[in-house]
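Novice: Read in order, the letters of the sequence shown correspond to residues 5 to 750 in my numbering. Beta carbons: idealized from backbone N, C-alpha and C, even for Gly.
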Amino acid sequence: MNLFQDKIKQLSHPPLPKRGKEEIKVLVDQLMDKMTLREKIGQLYQAAPEDAHIEGLHFDDSHATAQSIKEGLCGSILGIHTPENAYQLQKIAVEESRLGIPLFFGLDIIHGCRTTFPINLAMSCSFDPERIEEASRIAAKESAHTGINLTFSPMVDVVRDPRWGRVMESNGEDSYLSRILGRAYIRGYQQGDLSDNTSIGACVKHFAGYGAVEAGREYNTVDMSDRHLRMYHLPAYKSCVDEDCAGVMASFNVINGVPASCNRYLLTDILRNEWQYKGFVISDYTSTFEIMNHKITTDKKEVAKLCLHAGLDHEMVSTHYITYLEELVKENEVSVQTIEKSCRRILTFKYQLGLFDNPYKNIYDDPEQYMRLPEYRKAALEMAKRSIVLLKNDNQVLPLSRDKKIALIGPAAKTNHVVGGWGGLGRIEECISFSTGMENHGYQIAAHEGCSFEGSDNDGRLMEEAYQLAQDSDVILLAIGEPDSLTGEASSRSALGLTGRQLELAEKLKKLNKPMIGVIFTGRPLDLSWCAVHLDGLILGWYLGNETGNALASVISGEYNPSGRLTISFPRNVGQIPVYYNQLPTGRPSSTGGPGDLFKSCYTDIPNSPLYPFGYGLSYTTFAYSNLSLSTDCITGEEEAVISADITNTGNYPGKIISQLFIEALSFSVSRPVKEFKGFCHTDLEAGETKTVQFAITRDTLSYLNINNEMTPENRTYKIYVGSDSTTKNYLLLKYELSEVPKTNL
Ligand code: GLC
5 MNLFQDKIKQ
15 LSHPPLPKRG
25 KEEIKVLVDQ
35 LMDKMTLREK
45 IGQLYQAAPE
55 DAHIEGLHFD
65 DSHATAQSIK
75 EGLCGSILGI
85 HTPENAYQLQ
95 KIAVEESRLG
105 IPLFFGLDII
115 HGCRTTFPIN
125 LAMSCSFDPE
135 RIEEASRIAA
145 KESAHTGINL
155 TFSPMVDVVR
165 DPRWGRVMES
175 NGEDSYLSRI
185 LGRAYIRGYQ
195 QGDLSDNTSI
205 GACVKHFAGY
215 GAVEAGREYN
225 TVDMSDRHLR
235 MYHLPAYKSC
245 VDEDCAGVMA
255 SFNVINGVPA
265 SCNRYLLTDI
275 LRNEWQYKGF
285 VISDYTSTFE
295 IMNHKITTDK
305 KEVAKLCLHA
315 GLDHEMVSTH
325 YITYLEELVK
335 ENEVSVQTIE
345 KSCRRILTFK
355 YQLGLFDNPY
365 KNIYDDPEQY
375 MRLPEYRKAA
385 LEMAKRSIVL
395 LKNDNQVLPL
405 SRDKKIALIG
415 PAAKTNHVVG
425 GWGGLGRIEE
435 CISFSTGMEN
445 HGYQIAAHEG
455 CSFEGSDNDG
465 RLMEEAYQLA
475 QDSDVILLAI
485 GEPDSLTGEA
495 SSRSALGLTG
505 RQLELAEKLK
515 KLNKPMIGVI
525 FTGRPLDLSW
535 CAVHLDGLIL
545 GWYLGNETGN
555 ALASVISGEY
565 NPSGRLTISF
575 PRNVGQIPVY
585 YNQLPTGRPS
595 STGGPGDLFK
605 SCYTDIPNSP
615 LYPFGYGLSY
625 TTFAYSNLSL
635 STDCITGEEE
645 AVISADITNT
655 GNYPGKIISQ
665 LFIEALSFSV
675 SRPVKEFKGF
685 CHTDLEAGET
695 KTVQFAITRD
705 TLSYLNINNE
715 MTPENRTYKI
725 YVGSDSTTKN
735 YLLLKYELSE
745 VPKTNL
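This is how it looks when you write it as C-alpha cells:
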C-alpha cells in the first residue's frame with residue numbers, strides 16, 4: 005500500500021474556472037511581485053528525476069529534484085509515469101516551497117497514452133484529421149488521469165529521408181498535410197480549454213527543420229536556404245502556433261549554422277516578432293548543453309546567456325539557467341526583465357491549466373478506470389484500419405477467404421511488440437498480435453516466426469521449420485519488415501532493406517510456388533523492391549498499436565476495404581534518397597523519367613520515380629475520374645474557381661477514395677515543383693456509384709514564395725489536378741490575373 009494512496013483517494017477534481025487572458029495576467033503579476041529572482045529563475049527549469057519512483061514508501065529524499073523543488077528551483081518535471089510520482093513531487097512544491105507554486109508534468113504522448121494508436125506516419129496515411137483529433141483527445145483524457153499536463157506532441161517536422169528513424173513520428177513529406185494534421189493533434193489534446201480536467205497542453209516540435217537532418221542521421225546538421233525553410237518547413241509549425249499550442253520545442257540541430265536552442269532568428273525574430281507567439285519555448289533534452297558540442301561556446305555560463313537571449317524560456321534537464329542566471333544578472337550580462345518574460349510564460353501556462361486552482365487536477369487514485377475504455381479501443385481499431393495501405397494486389401489475391409489454409413510466417417507473425425517508437429504508457433501485453441487478430445477473425449492459421457528480425461544463429465533452423473509448415477498451406481502470409489526497436493529516436497539506418505535474413509526467408513518460401521502476400525511492419529519507408537516484384541499481394545501494416553492484429557485481419561478479410569494513401573514516397577533503393585513528389589523540374593527534365601534518358605536529369609540504372617509515390621494506395625475496388633470541369637478559366641484578386649470531377653466506383657466492392665488536389669505553375673518567378681499538394685477529400689462509394697467531388701481554388705491555393713520573397717500568386721497559368729495520387733494526369737488550366745492595385749485619385 006503506497007503512503008500516498010489514501011491521500012490521493014481524498015483528492016477531488018471539481019471543474020476549474022477558465023480564466024481569461026487579462027485575469028491571468030493580473031494573477032501572474034501579483035505572484036511575480038512576491039517572487040525572488042532565484043524563484044523566477046527556478047520556473048525556467050524542467051527536471052527529469054531519473055529515479056522519480058517511490059522506493060518503498062518514501063521518495064528518495066537525497067534526490068536533487070526534491071531539494072530543488074523545495075527551494076522553488078524547479079518549474080516542471082519530465083518523465084513522470086504514475087500519479088503517485090506526480091503527487092509526491094507536487095506535494096513538495098505546493099506544501100514545502102516558499103510560495104507553493106505548482107509544477108507541471110510533461111511526457112511524450114505521441115500516438116496514444118495507454119490506448120496506443122498507430123504510429124503518426126501511419127495515421128497520416130488515413131488523411132483523416134477528424135480521427136487524428138479524436139485519437140489525440142483520447143490520449144489527452146487518459147494522460148490527464150495519470151498526472152500528465154503537457155505532451156511533447158505534435159511533431160510536424162517535414163521528412164523526405166526515411167533513413168531518419170523519427171520519420172515514424174511525422175506526417176510524412178508534405179508541408180500542407182503536416183499543417184492540417186498538426187492542428188488536429190492540438191485541437192484533440194487541448195480541447196479549446198486547458199483548464200478542462202481532461203485537457204493537456206500540446207508542445208509542437210522540433211522547431212525547426214529537424215526532419216531535414218543531413219543523410220537522415222540522427223542529431224545531424226540541418227542547412228537550407230531561408231526560402232526552403234519558409235516554404236517547406238516553417239508553415240507546419242506556424243499552423244500549430246495559430247492553433248494556440250501551449251509550447252514550442254527547440255530542436256537539437258543547427259539551422260543554418262546556429263543551434264535552434266540559441267537561435268534568436270528562429271525563437272524571437274520568427275516565433276515572437278513575425279508570428280506573435282505567446283506560449284513558452286522549451287529546449288529539447290539537454291539541447292542547451294549541446295550548443296557546446298556544436299562549438300558555439302566552451303563556457304557553460306555563456307550557454308545560459310545565449311539561450312535566454314535567443315528566446316528559450318524553459319531548459320529541459322540541463323541546469324545552466326538555475327546555475328548561472330543569477331550570477332549573470334549580477335554581472336549585468338542578463339537583465340531581470342528577460343528572465344521575468346520567460347517566467348511569466350511558464351506561470352501563465354500553469355494558470356491556463358488551472359494548476360493554481362487545483363495542483364492535483366490530473367492525479368487520480370485509480371487511473372485504470374479511465375484507461376482503454378471500449379470506445380477508445382474502437383477508435384484505435386478504426387484508425388488502424390484506415391492507416392493501412394494496400395500496395396499490391398495481383399489477381400485479386402486479397403481479400404482472403406476464411407476457408408484458405410494460411411501459413412502466417414515472419415518475425416512479426418506472433419509478436420505483440422507492435423506499438424512502434426514512443427509508445428507512451430502503452431503495454432505490450434495489451435496489444436493484439438497479427439496471429440491473434442487473424443484467429444479472432446475466424447481464420448485457420450499456422451503461425452511461425454520463420455526467422456528473427458535482427459538475424460540470429462537459430463534463423464537457419466527456423467526457416468527450415470517454416471518452410472516445412474508452409475508446404476501444407478494454400479497461401480503464405482509474410483509478416484516482415486523492421487523491428488519496432490528500430491523505429492523512433494536514435495534509429496537512423498544507412499540501409500532500408502528488410503532486416504536480418506527476412507529476405508532470404510521470403511525467397512526460400514517463394515520456391516513453394518504458392519500465393520504469397522507480404523504485410524510490412526515498419527516505422528519508415530523500406531526498400532520493398534523485391535516484394536514489389538515477387539509477392540502477389542503487399543500490405544503496408546506500419547506499427548498499428550493496440551489493435552494491430554484486429555485491424556490487419558479486418559483488411560485481409562475484406563471486412564474493411566483498405567483506403568490508406570501514402571504520405572511519404574517509398575524509394576526504389578537507398579541511393580535514390582531523397583525522392584519526393586514535389587520536386588523541381590530541373591533544366592533537363594527527363595520525359596521518360598529514365599533510366600538512361602541521355603543528358604537528361606535521370607539515373608542510368610533506375611527510374612526517377614519512387615517505387616510508390618506520395619498519395620498512392622490501392623483498394624479492393626477500382627475508381628475512375630471523369631467530367632473534370634472548372635467553374636471559370638481565370639480568377640483574379642480574392643475570386644475563387646471551383647474544380648469538379650465525377651468519381652465512379654468501377655469495381656465490385658464498396659470503398660473509400662481519397663481524392664487529392666494538386667497544382668502546377670507552368671511558369672513563375674522562381675522554379676516551382678512539378679506538383680504541389682493542396683487538398684483532399686474522402687468519398688465513400690457503393691459499387692457502381694458515382695459522386696462529384698469539388699475543390700475551391702483561391703489565390704492562397706496558387707501562392708508561392710516569389711522572387712521577392714512574397715507569398716503570392718503571379719499572372720500565370722496553372723494546371724489544376726484532381727486524382728488519386730501524385731502521379732495523376734487529370735488536369736485543367738486556370739489563369740490567375742493579379743488585380744491591379746486600384747489607383748487612388750489623389
Ligand atoms: C527527446 C526527443 C524529444 C522528446 C524529448 C523529451 O530527446 O528529441 O522529441 O520530446 O527528448 O522526451
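Taking DSSP as the reference, what is the three-state secondary structure of Cys758?
Specialist: With the chain covering 5 to 750 only, the question about residue 758 has no answer from this structure.
Novice: Is Phe131 close to chain D? Criterion is C-beta to C-beta, closer than 8 Å.
Specialist: Absent here is chain D; the protein component of the structure consists of one chain.
Novice: Does DSSP put Asp650 in a helix, a strand or coil?
Specialist: If DSSP states are grouped into helix, strand and coil, Asp650 belongs with the strands.
Novice: List the endpoints of the continuous beta strand (DSSP E) containing Cys685.
Specialist: Per DSSP, Cys685 belongs to the beta strand (DSSP E) from 680-689.
Novice: Roughly how far, in whole angstroms, is the beta-carbon of Ile28 from the beta-carbon of Thr352, given that I think they are within contact range, below 8 Å?
Specialist: That belief holds up - the Cβ atoms of Ile28 and Thr352 are roughly 6 Å apart, short of 8 Å.
Novice: Taking Cβ positions, are Ser573 and Tyr616 nearer each other than 8 Å?
Specialist: It is a contact, given that the beta carbons lie within the stated cut-off.
Novice: Could you check how far apart the C-beta atoms of Gly251 and Cys311 are, in whole angstroms? I think they sit under 8 Å.
Specialist: That pair is no contact at about 16 Å.
Novice: Less than 7 Å separating the Cβ of Asp112 from some heavy atom of the ligand GLC?
Specialist: Flag set: Cβ of Asp112 near the ligand GLC.
Novice: Looking at Lys209 and the ligand GLC, is the gap between the Cβ and the nearest heavy atom below 7 Å?
Specialist: Yes, since a heavy atom of the ligand GLC falls inside the 7 Å radius drawn around the Cβ of Lys209.
Novice: Taking 7 Å as the line, does the beta carbon of Phe284 fall inside it for any heavy atom of the ligand GLC?
Specialist: Checking the Cβ of Phe284 against the ligand GLC gives no.
Novice: Taking 8 Å as the limit between beta carbons, can you name the residues of its chain near Asp369, skipping five residues before and five after?
Specialist: Around Asp369: Gln9, Ile12, Lys13, Leu15, Pro87.
Novice: From Leu82, Thr120, Met442, pick the residue whose C-alpha is nearest to that of Leu548; which is it?
Specialist: Checking every option, the nearest Cα to that of Leu548 belongs to Thr120.
Novice: Give me the Cα-Cα distance between Asp398 and Lys512, rounded to the nearest whole angstrom.
Specialist: So the two alpha carbons sit approximately 20 Å from each other.
Novice: Assuming Leu402 and Ser439 make a contact with CB atoms under 8 Å, what is their CB distance in whole Å?
Specialist: 18 Å between Cβ atoms; not a contact.
Novice: Could you give the first and the last residue of the continuous beta strand (DSSP E) run that contains Ser80?
Specialist: 80-82 is the span of the beta strand (DSSP E), which, as asked, contains Ser80.
Novice: Output yes or no for whether 8 Å exceeds the beta carbon distance between Ile662 and Ser743.
Specialist: Going by C-beta atoms, Ile662 is not nearer than 8 Å to Ser743.
Novice: Could you tell me whether the Cβ atoms of Ile543 and Leu532 are closer together than 8 Å?
Specialist: No; because the gap between Cβ atoms is not below 8 Å, this pair is not in contact.
Novice: Using the three-state DSSP reduction, which class does His17 fall into: helix, strand or coil?
Specialist: Coil at His17, not helix or strand.
Novice: Keeping to the same chain, check which residues put their C-beta closer than 8 Å to that of Thr302; ignore five residues upstream and five downstream.
Specialist: Result list for Thr302: Met296, in chain order.
Novice: Who does Leu111 pair with in a DSSP beta bridge?
Specialist: Looking at the DSSP assignment, Leu111 forms a beta bridge with Thr155.
Novice: Run the CB neighbour count on Ser437, radius 10 Å, all protein chains shown included, and call it buried at 16 or more, exposed below.
Specialist: Buried is the call here.
Novice: Quick check: what's the CA-CA separation for Leu507 versus Arg167?
Specialist: Leu507 and Arg167: Cα-Cα distance of roughly 19 Å.
Novice: With distances taken between CB atoms, is the gap from His751 to Leu473 smaller than 8 Å?
Specialist: This structure cannot settle anything about residue 751, because the visible part of the chain is limited to 5 through 750.
Novice: Please state the DSSP three-state secondary structure of Thr552.
Specialist: Of the three classes helix, strand and coil, the one that applies to Thr552 here is helix, per DSSP.
Novice: Mind the definition here: the stretch 181-192 touches the stretch 234-252 only if three or more C-beta pairs lie below 8 Å; say whether that holds.
Specialist: Flag = yes, the stretch 181-192 and the stretch 234-252 touch.
Novice: What residues in its chain sit with their C-beta under 8 Å from that of Pro21, if we drop five residues either side in the sequence?
Specialist: Contacts found: Ser199, Gly358, Asp361.
Novice: So which of His324, Glu379, Ile701, Asp637 has the shortest CA-CA distance to Leu665?
Specialist: The shortest C-alpha separation from Leu665 is found at Ile701.
Novice: Where Val163 and Asp540 are concerned, what is the direct C-alpha to C-alpha distance, given to the nearest angstrom?
Specialist: Taking the straight line from one Cα to the other gives about 30 Å.
Novice: Does DSSP put Pro677 in a helix, in a strand, or in coil?
Specialist: Pro677 falls in the coil class under three-state DSSP.
Novice: Let me know the alpha helix (DSSP H) ranges lying completely inside the stretch 283-364, each 4 residues or longer, listed in chain order.
Specialist: Runs of the alpha helix (DSSP H) inside the stretch 283-364: 304-314, 324-334, 340-357.
Novice: Arg118 by DSSP, collapsed to three states: which one?
Specialist: In this structure, Arg118 counts as coil in the three-state DSSP scheme.
Novice: Candidates Ile152, Glu486, Gln475: which alpha carbon is nearest Glu458's?
Specialist: The shortest Cα separation from Glu458 among Ile152, Glu486, Gln475 belongs to Glu486.
Novice: In the DSSP output, what is Gly464 paired with across the bridge?
Specialist: DSSP lists no partner for Gly464.
Novice: Does the beta-carbon of Leu82, which I'm using as the reference point, lie nearer than 7 Å to any heavy atom of the ligand GLC?
Specialist: True, at least one ligand heavy atom lies under 7 Å from that Cβ.
Novice: How many Å lie between Gly441 and Ile560 at the Cα?
Specialist: Each residue's Cα considered, the two are about 11 Å apart.
Novice: What are the residues that DSSP puts in a beta bridge with Asn397?
Specialist: Partner(s): Gly541.
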